[in-house]
Amino acid sequence: MHTRIFFLPDELLLRILENLDYKDVLACKATCLKLRNITTFVSLQYTVELAGCGMLDGKYGQPERALDITERLERLREYDAAWRELKWTGSMHLPHLTGQSFSAHTGPLVFCLPGTDRPHIIQEVPSKLRGTREAHYNFHSEPEERIKVDSSQDLVAYLEDEFENTRYSLKSLSTGEPHPLAANLGVIPLGDSQAYSSILDIRGDYLLEMGQFASPTGLFIVRNWKTGLTELQKHMDIRDRPRCYFLDDKHVIFTVNTSFSHDPDDFLATSFRVLPFRRSEGSTTGTVADAAVHFLLPPFMHSQEFFATTDTSTRKGGLSPAYFHGDPDDRLFSLSILKGAEAGGSFRDHYILDIPSQTFTFYMRDHPTTGHSVVPWDAWGPHGARVTRNDVDGAIRGRSICGMRRCHYKWKSDEGTILTVMDYHPGRVARGLARIGDGDGTAIERGAHVGANYTGCDPLSTTLPCLVTETLLPKTLGRVVLCEDGIVFIKYDELFALVSDVWAYTI
Amino acid sequence: MPTIVSVDDSTVPGEGSSRLLLLVSSDNKHIVVEEDIMSRSRFISKQVEGFEATSQRHAILLPFSSFVLNKVIEYCSHYRGYYLLEDDPDAAPPGRSPVREWDQEFLDVDRNMLLRIIKAAHYLEIKSLVGSCARAIADMIRGKTTEEMREILGVENDFTPEEEHSPSSKCTG
Numbered sequence: 331m332h333t334r335i336f337f338l339p340d341e342l343l344l345r346i347l348e349n350l351d352y353k354d355v356l357a358c359k360a361t362c363l364k365l366r367n368i369t370t371f372v373s374l375q376y377t378v379e380l381a382g383c384g385m386l387d388g389k390y391g392q393p394e395r396a397l398d399i400t401e402r403l404e405r406l407r408e409y410d411a412a413w414r415e416l417k418w419t420g421s422m423h424l425p426h427l428t429g430q431s432f433s434a435h436t437g438p439l440v441f442c443l444p445g446t447d448r449p450h451i452i453q454e455v456p457s458k459l460r461g462t463r464e465a466h467y468n469f470h471s472e473p474e475e476r477i478k479v480d481s482s483q484d485l486v487a488y489l490e491d492e493f494e495n496t497r498y499s500l501k502s503l504s505t506g507e508p509h510p511l512a513a514n515l516g517v518i519p520l521g522d523s524q525a526y527s528s529i530l531d532i533r534g535d536y537l538l539e540m541g542q543f544a545s546p547t548g549l550f551i552v553r554n555w556k557t558g559l560t561e562l563q564k565h566m567d568i569r570d571r572p573r574c575y576f577l578d579d580k581h582v583i584f585t586v587n588t589s590f591s592h593d594p595d596d597f598l599a600t601s602f603r604v605l606p607f608r609r610s611e612g613s614t615t616g617t618v619a620d621a622a623v624h625f626l627l628p629p630f631m632h633s634q635e636f637f638a639t640t641d642t643s644t645r646k647g648g649l650s651p652a653y654f655h656g657d658p659d660d661r662l663f664s665l666s667i668l669k670g671a672e673a674g675g676s677f678r679d680h681y682i683l684d685i686p687s688q689t690f691t692f693y694m695r696d697h698p699t700t701g702h703s704v705v706p707w708d709a710w711g712p713h714g715a716r717v718t719r720n721d722v723d724g725a726i727r728g729r730s731i732c733g734m735r736r737c738h739y740k741w742k743s744d745e746g747t748i749l750t751v752m753d754y755h756p757g758r759v760a761r762g763l764a765r766i767g768d769g770d771g772t773a774i775e776r777g778a779h780v781g782a783n784y785t786g787c788d789p790l791s792t793t794l795p796c797l798v799t800e801t802l803l804p805k806t807l808g809r810v811v812l813c814e815d816g817i818v819f820i821k822y823d824e825l826f827a828l829v830s831d832v833w834a835y836t837i
Numbered sequence: 004m005p006t007i008v009s010v011d012d013s014t015v016p017g018e019g020s021s022r023l024l025l026l027v028s029s030d031n032k033h034i035v036v037e038e039d040i041m042s043r044s045r046f047i048s049k050q051v052e053g054f055e056a057t058s059q060r061h062a063i064l065l066p067f068s069s070f071v072l073n074k075v076i077e078y079c080s081h082y083r084g085y086y087l088l089e090d091d092p093d094a095a096p097p098g099r100s101p102v103r104e105w106d107q108e109f110l111d112v113d114r115n116m117l118l119r120i121i122k123a124a125h126y127l128e129i130k131s132l133v134g135s136c137a138r139a140i141a142d143m144i145r146g147k148t149t150e151e152m153r154e155i156l157g158v159e160n161d162f163t164p165e166e167e168h169s170p171s172s173k174c175t176g
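Protein sequence lines, in the order shown, are assigned to chains A and B.
For the first sequence, the numbering used here begins at 331 and goes up steadily by one.
For the second sequence, the numbering used here begins at 4 and goes up steadily by one.
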């Protein structure tokens, strides 16, 4: 016989639900009236809101107790409102660094300086949130794929070459010392046969790596950096460099490109593949399940008319990694599809497909063991995948997914820059537009909060000066522009003021 | 009927001066346990303070079965002498409970038993045990669909059709 859980007092029900993440809280909320009422408690709403914003709470994900939950929820909502209303502030100049490359990793900037040692400088964007100091690290190889920073866990992970002895170093971002939670004092040795290796993604305790022996075979590895244990090893064909991320804390998602013929110019079809990587709970030696689910792209992807790449000089299709974007910490995957590529490089129509990753895990749960189940594209419909048609021409300059939001920059040299924000926060879908007048961000027109049916806008007639490269900073809601005269950081208004003394928030 | 038993001056041979307590479960089983072990329970500690104020010691009646009570005593015996942050009355209120391996094994019991243990731990004010039980119950429903959760929690869908389809934005503001 089943005892009803309601013989417990509300206080205990709340204690139970506080252990769940936002998805479970939302599922619980839909069970019955009593649990719906309990989910209105501040601590549970905070869980939902925090997840919706794609944030973590506190250093190493542990909440700091200086502020109570009510106050946190209030600030978080203000932060969220500032986000939705696209409030901008002026630019901020960072020290000029003649970097050969730079990249942004959920907060800190990583610069690579020229020189034989290729020293790296890690600098946090202006914010009092974490107090990360400028730090120098030395590398001996290309930086972009060999260094990953996760500021929410105070972690810098990079490959260290010492003659033949290549290994991962795991350091604390704030101190530069070996990370206190890392296995083996912050160093994980590579397998013997890996000639080349890179860190693709970090999520929580796990590192996603790719090792290469001889083309075209690559080895994908998921390792727990806190214990050093390997969770998944998977050989894959890497001729097409699949894009992969952690989908959630149990699954990895890959793109899989398939050629229809041996003609190199022929169109490639792309599908997604989801692989579970975790051992069963509590087991230290268990086997890794090799179930996988393939997701087919929409049928129009199989037409010669559609391309998922900007490379129009050759008719090579396939899914360019740049057009498949997911935020490793979050739950939304976005795919841009361009229709009607022409010789001049202009595109008539531009579609964006967004798939909440709950959809992937939904199918994972329903098809966990049948091998390579194929889920047709139209099955996504009712579960939240959306196709958006964009009427604004022009290439997308930058893109980011921040929490359950997607951000796009569209840039036209003669008409200014347009920022589009789509909101996929649980329970609301909205779209906002901001027009960015000039390069230093001083004349930003605040975007109107418009309905989901918005179809277009009139860009301003100013241009962005000296634009060399730019990137949107996930979660910081700013962007970094590398110009001839330095690096300009443009950030949203009020956000930092709001959270500057709440160091428990992850930027 | 309350059973008044004097256990004053009782000590355990060879265990120093730890006093004994007499606990009486709802199925009227009498269980003798060292005061030390039960000091993790705020409820018991308050009772003991009462004994000292009045110099009267009597049996403590508890509203749950001896089966559950023995389980709680087993927990308290295991952590005898350990400091657990959640049980510190001066510490800040706990957020998410920490994972303790022993607790996970200890709480590997059926669902009904788990619900009874958490209720007993709540009554006895043993915050660490409440936290571990809450985590164990949460583990049972984690990653489940709404329908599966109803099954596990033993609740019924009591929404009207309109309520069921109302947008979830209500709770997220």
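C-beta atoms are modelled at their ideal positions from N, C-alpha and C, and glycine is treated no differently.
| Item | Value |
| --- | --- |
| Just curious, the alpha helix (DSSP H) that threonine 57 (chain B) is in, first and last residue? | 45 to 57 |
| What are the start and end residues of the alpha helix (DSSP H) that includes isoleucine 346 (chain A)? | 340 to 347 |
| State the beta-bridge partners of asparagine 554 (chain A) as determined by DSSP. | A:Tyr536 |
| Any idea if tryptophan 555 (chain A) is buried or exposed, counting beta-carbon neighbours within 10 angstroms, 16 or more meaning buried? | buried |
| Using Cβ-Cβ distances below 8 Å, what residues of the segment 154 to 167 of chain B are close to chain A? | Leu156, Gly157, Val158, Glu159, Asn160, Asp161, Phe162, Glu166, Glu167 |
| Which residue marks the beginning of the alpha helix (DSSP H) containing threonine 149 (chain B), and which one marks its end? | 149 to 156 |
| May I ask you to report which of helix, strand or coil DSSP gives glycine 771 (chain A)? | In this prediction, glycine 771 (chain A) has a pLDDT of 35, which is less than 50 and means its spatial position is unreliable; what the coordinates show is noted afterwards. Here glycine 771 (chain A) sits in coil by DSSP. |
| Alpha carbon to alpha carbon, how far is aspartate 161 (chain B) from leucine 347 (chain A)? Give it in angstroms, no decimals. | 20 Å |
| Tell me which same chain residues have a C-beta within less than 6 Å of the C-beta of arginine 334 (chain A), skipping the five on either side of it? | none |
| Determine the extent of the alpha helix (DSSP H) in which glutamate 108 (chain B) is found, giving its start and end residues. | 104 to 109 |
| For threonine 361 (chain A), count neighbouring Cβ atoms within 10 angstroms of its own Cβ and tell me buried if that reaches 16, exposed if not. | buried |
| For the putative contact between serine 28 (chain B) and serine 68 (chain B), defined by C-beta atoms under 8 Å, what is the C-beta separation to the nearest angstrom? | 6 Å |
| Where does histidine 125 (chain B) fall in DSSP's three states? | helix |
| Taking lysine 353 (chain A) as the reference, which of B:Arg153, B:Leu24, B:Gly146, B:Thr163 has the closest Cα? | B:Gly146 |
| Determine which residues of the segment 346 to 369 of chain A have a Cβ less than 9 Å from any Cβ of chain B, and write them out in chain order. | Ile346, Leu347, Glu348, Asn349, Leu350, Asp351, Lys353, Asp354, Val355, Leu356, Ala357, Cys358, Lys359, Ala360, Thr361, Cys362, Leu363, Lys364, Leu365, Arg366, Thr369 |
| Would you list, in chain order, the members of the segment 111 to 127 of chain B that have their beta-carbon closer than 7 Å to a beta-carbon of chain A? | Asn115, Leu118, Ile121, Lys122, His125 |
| Return the chain-ordered list of same chain residues with a C-beta closer than 7 Å to the C-beta of lysine 74 (chain B), the five sequence neighbours on each side being excluded. | Ile120 |
| Between which two residues does the beta strand (DSSP E) holding leucine 25 (chain B) run? | 23 to 27 |
| Give the residues of chain B in contact with isoleucine 335 (chain A), contact being defined as C-beta atoms less than 7 Å apart. | Leu118, Leu156, Gly157, Val158 |
| Assuming the contact rule is C-beta atoms closer than 8 Å, methionine 566 (chain A) and phenylalanine 550 (chain A) should be a hit. Round their C-beta distance to whole Å, please. | 6 Å |
| So, at 6 Å on beta carbons, what are the nonlocal neighbours of arginine 45 (chain B) in its own chain, with the 5 sequence-adjacent residues on each side left out? | Glu128 |
| If you draw a straight line from the C-alpha of glycine 506 (chain A) to the C-alpha of alanine 465 (chain A), how long is it? | 7 Å |
| With C-beta atoms as the reference, is isoleucine 451 (chain A) less than 8 Å away from valine 479 (chain A)? | no |
| Would asparagine 349 (chain A) and arginine 83 (chain B) be called neighbours here (beta carbons separated by less than 8 Å)? | no |
| I want to verify the contact list: residues of chain B whose CB lies under 8 Å from the CB of leucine 380 (chain A), in sequence order. | Correct list: empty, because the minimum Cβ distance to chain B is about 11 Å. |
| Strictly under 8 Å for the Cβ-Cβ distance: is lysine 147 (chain B) near chain A by that measure? | yes |
| Would you call phenylalanine 584 (chain A) buried or exposed, if buried means 16 or more other Cβ atoms sit within 10 Å of its Cβ? | buried |
| Output, in chain order, the set of chain A residues within a Cβ distance shorter than 7 Å of arginine 138 (chain B). | Asn349 |
| In this structure, how does DSSP classify aspartate 39 (chain B) when only helix, strand and coil are distinguished? | helix |
| Tell me the rounded alpha-carbon separation between serine 499 (chain A) and isoleucine 529 (chain A). | 11 Å |
| Within 10 Å of its beta-carbon, does phenylalanine 607 (chain A) have 16 or more other beta-carbons around it, so buried, or fewer, so exposed? | buried |
| So, valine 133 (chain B) versus alanine 141 (chain B), is the Cβ gap smaller than 8 Å? | no |
| Taking the alpha-carbon positions, what's the threonine 148 (chain B) to threonine 400 (chain A) distance? | 29 Å |
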